[in-house]
Amino acid sequence: MLGVERNIEVWQSLMLVRSLVFDPREDVDIWLKYARLCLKSGHLNLASSALWRVGAQPFIRSVERDPYAPIPINLGGNAGASQGFANGLLSLADSAAQDPRVAFSYLRHLWAENREDVALKQMDYFIEALEQHGDPTNEEMRRLRVQVYIQLGEWQMSLSEPHKQADGAFDYVLECLETATKLDPTNDRAWHEWALMNFRALEATAKEPGQGDPKHYAVRAIQGFFRSISFGHTSYDVTKDVLRLLTLWFAQGNRSDVHMAMVEGFHEASIDTWLNVIPQLIARIDTPNPNTSDLLHDLLSRIGQAHPQALIYPITVASKALNPTRKLAAEGILAAVRRHSSQLVYEADMVSRELIRVAILWNELWHGALEEASKHFFNNRDVTAMIAELAPLHELMDQIGIEEAPTLREVAFFQAFARDLHYAKEWTNVYERTKSLDDLNQAWDIYYSVFSKIRKQLANLSTLELANVGPKLLSVRNLTLAVPGTYKAGAPIVRIQSFDTKVTVLTSKQRPRKVSINGSDGKAYPFLLKGHEDLRQDERVMQLFGVINSLLSNDSDTSKRNLGIQRYSVLPLSHTSGLIGWVPNCDTLHQLIRDYREARKIQLNVEHRLMVQMAPDYDKLPLMQKVEAFKYALGETTGQDLYRVLWLKSQDSEVWLDRRRNFTRSLAVMSMAGYILGLGDRHPSNLMLDRVSGKLVHIDFGDCFEVAMERDKYPEKIPFRLTRMLTQAMEVSGIEGNFRYTCEASMRVLRDNRDSLMAVLEAFVYDPLINWRLLKKDAVPSHAQPEEDDGAGGANREGDTRDGADANVDHISHEGDVRGSGDGEGDAASERISEEDKLTEGSMKSSTSSALATPKRRRHSSAGDNFGNSFVVAEHPQLNEKALSVIERVKKKLAGRDFDDGNKVLTVDAQVDRLIHQATSHENLCQLYYGWCPFW
């Protein structure tokens, strides 16, 4: 029975058969496990029936007769009559009736029935009896007492949440939990709860000084977390404690007692403990506190000695940081690794450097720099910023020269553009002496000529020969270095054997590459190589999704439905490039809808055209008139595109039903997880559909913690994407069927395990490489940057809508997808080039809205490398305030207090209902930017 799936239906049928062979009173442990499973799943009647079968009748009758009178219990005394706890009714050897284990299970049942006061009162009686009459030498009794004290501590704390803690509340709870740790010093759950309560007490003293000694709580929390880590049995349990520990360490590491506690703890914990949190450790390597810095560098050096493959990629990225302090710290750790793994360090640096070279060609570097420079000059009239934008690339050209250019692509670039760029720079130098705009106009005539040629080259870029862009990668064989994302402690290392000779350039705005690495196990490992994005936040999001998947798999109700979130490996190579594990057999929703409509001669943006036809000045209308125009467009179109795509791409009705169910469940799970994370920017190109399973896969996690809701331009009003196409692709009942049930089940799991999630999210928020994004309120939606309304209405925006909604099609995972995407994107690119030629015909110098000045799409930059480096960033009080508000907001979501100003705690059902109403509200959807495609 211990190996049976934790499923109510499975257990119920097995227990009925088992009861024919064993008397339930002779099989108490198994029946109590079954009762616990029923209780966790909310089946209180089944739990009560199970308890009744193992002898809970005296407890039930006693509570029904007088809820506050002690229930009868047997602690192993002599047989005979008794009036309570003082004497047992029956010997434990003779019968399981009134067994203390059954009594404890019944007290949990009372709590689940929302009879908290009765449960607590009876628990007091129960503990008194255990202490006075229980056999202290009995191992089973000792384990029971540990569980009782842990449960009492959790109950007491939950009664006072989320209100202010009463005086002494923490002390009483900590006393209960400390008793549990003394009864069983190897119980990881007891240590975890005790450490977590000290952590909460520390937080409370920070908010309201005078409630306790923060020094006392901090050291005890650290000691408790280390004990929990040492005795933990699963990587999931250990990871959540490690993240709490790191948060505490980086917040309090300047204190000597905390430093000593950390030193002692590091000697106790296994070095493997830290493998899952290497990104968080490396994010702090430039911490200004010398004690913390030395201890952290020593820890990373020990990790590098025991598991160099796990450390080498992230520490190599850190060594390329723009922040000199951070760069120096990373180089020091690399030097320590080099002493015992010099070949590995060399290979990692070479592979990383060459992949970055392949990710961003010189053509693309100059294309992007000229875009930004023209924006500074023509739009902002900022000549200094313009010159500063181009200066690094000019210096690069001067330093290398054509003879030293390392690849044939770069040699070709020199031959084609070096002379023109040199002349343009000379004109800029002349301007700096004369301050004459005529000289700058001469420079921009040349720059635009170069830009036009580069633009045409990039439009035709489809494949790259590795020999021309990364010859060192082509020549390597049988490296010591592991294939990115494959290293697991204790498992055989899959090393890089070679690189595929061809690199596919995917046809989207950022031109990501598909590269394939051949492993020593004989398998090919495909990756998406991105050269214009900071993937460090995506890496942390994957870590969070791993924790959520663990929670869902550990819950009986969600595990039987195989609920989870599709993850993929993310490996940053620098602050602007990285590798993403290839997601096979997927198409973006935008691509599917576009292909469906093109095949049927339906305009891609027909809904937007209808809205503009009814209301030409749609963006300037008041809300009610926007709703009217929005509803008109919906009423004139069916919105069944995705529904029909699912049906048409299924071989038969059985496959269709299976895909539809998977589609609905994956949408629901990610909707709840995305809401907790505050994930925005869910336009159709950031959602992918698996052709085989029908599951939805989310990509691009740049907008987290509701930054999309708080931006100045086009703020999002919805918690997750639940538009009509998604709804109609579900079963006939739409939202009210599988979707709502899965949402409720997922939210229940997330709320029940809020402490685990908060451990990950707090580390996320306080990560100095990530949290600078919390302050970006002036960002524009990444899916489609709006241009000034020229009064032409929707007619001239067709190309923009297509390209805008498709701007993020970077995760395309099949050669067929590349061809399909290329058709549409190529047309849009031709339209843009044509428009730019018209705008800039003659000269760029007269255009204040140059096509070159089109803003970049992607939201990432490298600001995190220079923003800050401590848990509480004193020099950035605005960031501290924002981080605290983000954490408080997430806590409210996980407590059901995210509506009505937090004054009311909503049930899971009510919370999900409010979220669905928000996500489907026409008032909210009609205010979104049209590139988000709210009408789809």
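Quick note on the working numbering: the sequence shown kicks off at 9 and runs consecutively.
Cβ coordinates follow ideal geometry from the N, Cα and C atoms, glycine included.
_Mapping the DSSP letters down to three states, classify Cys934 as helix, strand or coil._
coil
*asked:* Let's test the definition: count the other Cβ atoms within 10 Å of the Cβ of Ala911 and tell me whether it reaches 16, buried, or not, exposed.
replied: What sits at residue 911 in the sequence shown is Asn, not Ala. By the 10 Å Cβ count, Asn911 comes out exposed.
_So, under 8 Å CB-CB, His375 and Ile462 are touching, yes? Tell me the CB distance rounded to an integer number of Å._
5 Å
*Which partner residues does Phe507 have in the DSSP bridge list?*
Ile525
*asked:* Can you look up Phe535 in the DSSP assignment and give me helix, strand or coil?
replied: strand
*Based on Cα-Cα distance, which residue from Asp294, His348 and Asp31 lies nearest to Pro316?*
His348
*Identity of the residue in Asp763, Glu380 and Ser661 nearest Val555 by Cα*: Asp763
_For Thr596, the three-state DSSP class (helix, strand or coil)_ = strand
*Among Trp163, Phe772 and Pro723, which has the Cα closest to the Cα of Pro544?*
The sequence given here places Arg at residue 544; Pro does not occur at that position. Closest by alpha carbon: Phe772.
*Exposed or buried, Arg729, counting other C-beta atoms within 10 Å across all chains shown (16 or more means buried)?*
buried
*DSSP state of Ala490, grouped into three classes?*
strand
*Any idea what DSSP makes of Leu28, helix, strand or coil?*
helix
*According to the neighbour-count rule (16 or more other Cβ atoms, all chains shown, within 10 Å of its Cβ), is Thr731 buried or exposed?*
buried
*In whole angstroms, what separates the C-alpha of Ile368 from that of Asp357?*
17 Å
_Quick check on the burial criterion: 16 or more other C-beta atoms within 10 angstroms. Buried or exposed for Arg608?_
exposed
*CB-CB under 8 Å to Trp664, same chain, minus the five flanking residues each way: which ones, in chain order?*
Leu654, Trp655 and Ser658
*Residues sharing a beta bridge with Thr946, DSSP*: One cannot answer for residue 946 here, as it falls past the ends of the chain, which runs 9 to 944.
*Please look up how many angstroms separate the CB atoms of Leu363 and Leu514, rounded, as I've assumed it's under 8 Å.*
At roughly 16 Å, the Cβ-Cβ gap does not stay under 8 Å, so Leu363 and Leu514 are not in contact.
*Taking Asp542 as the reference, which of Val29, Val620 and Leu587 has the closest Cα?*
Leu587
*Give every residue of the same chain whose Cβ lies closer than 7 Å to the Cβ of Tyr321, excluding the five residues on either side of it in the sequence, and list them in chain order.*
Ala356, Pro492 and Leu579
*What are the boundary residues of the beta strand (DSSP E) that includes Leu612?*
Looking at the DSSP string, Leu612 is not in any beta strand (DSSP E), and its letter there is neither H nor E.
_DSSP three-state label for Ala105, please._
In this prediction, Ala105 has a pLDDT of 42, which is less than 50 and means its spatial position is unreliable; nothing more can be read from the coordinates.
*Which word fits Val523, buried or exposed, when buried means at least 16 other C-beta atoms lie within 10 angstroms of its C-beta?*
buried
*Would a C-beta distance cut-off of 8 Å place Leu5 and Thr494 closer than the cut-off?*
Only positions 9 to 944 of the chain appear in the structure, and residue 5 is not among them; the question remains open.
*asked:* Runs of 4 residues minimum, wholly inside the region 252-315: which ones carry the alpha helix (DSSP H) assignment?
replied: 264-276, 286-290 and 298-314
*Would you identify the three-state DSSP class for His706, choosing helix, strand or coil?*
strand
*From this set, Ile395, Leu758, Cys184 and Leu687, which residue's C-alpha is nearest Leu559's C-alpha?*
Leu758
*Select from Gly161, Ser754 and Gln919 the residue whose C-alpha is nearest the C-alpha of Tyr180.*
Gly161
*So, helix, strand or coil for Leu769, using DSSP?*
helix
*Best match in Asn387, Phe207 and Val458 for proximity to Ala432 [C-alpha to C-alpha]*: Val458
*Measure the alpha-carbon distance for Arg897 versus Gln935 and round it to whole angstroms.*
23 Å
*For the beta strand (DSSP E) holding Asp698, just list the boundary residues, first then last.*
Leu695 to Asp698
*Going straight from the alpha carbon of Ile743 to that of Tyr938, what length do you get?*
24 Å
*asked:* Within 8 Å, do at least three Cβ pairs link the region 630-650 to the region 506-520?
replied: no
*Name the one or two DSSP bridge partners that Gly589 has.*
Phe535
*asked:* Considering just the uninterrupted stretch of the alpha helix (DSSP H) at Val578, what are its terminal residues?
replied: Counting along the chain, Val578 falls outside any alpha helix (DSSP H), though it belongs to the beta strand (DSSP E) covering Val578 to Ser582.
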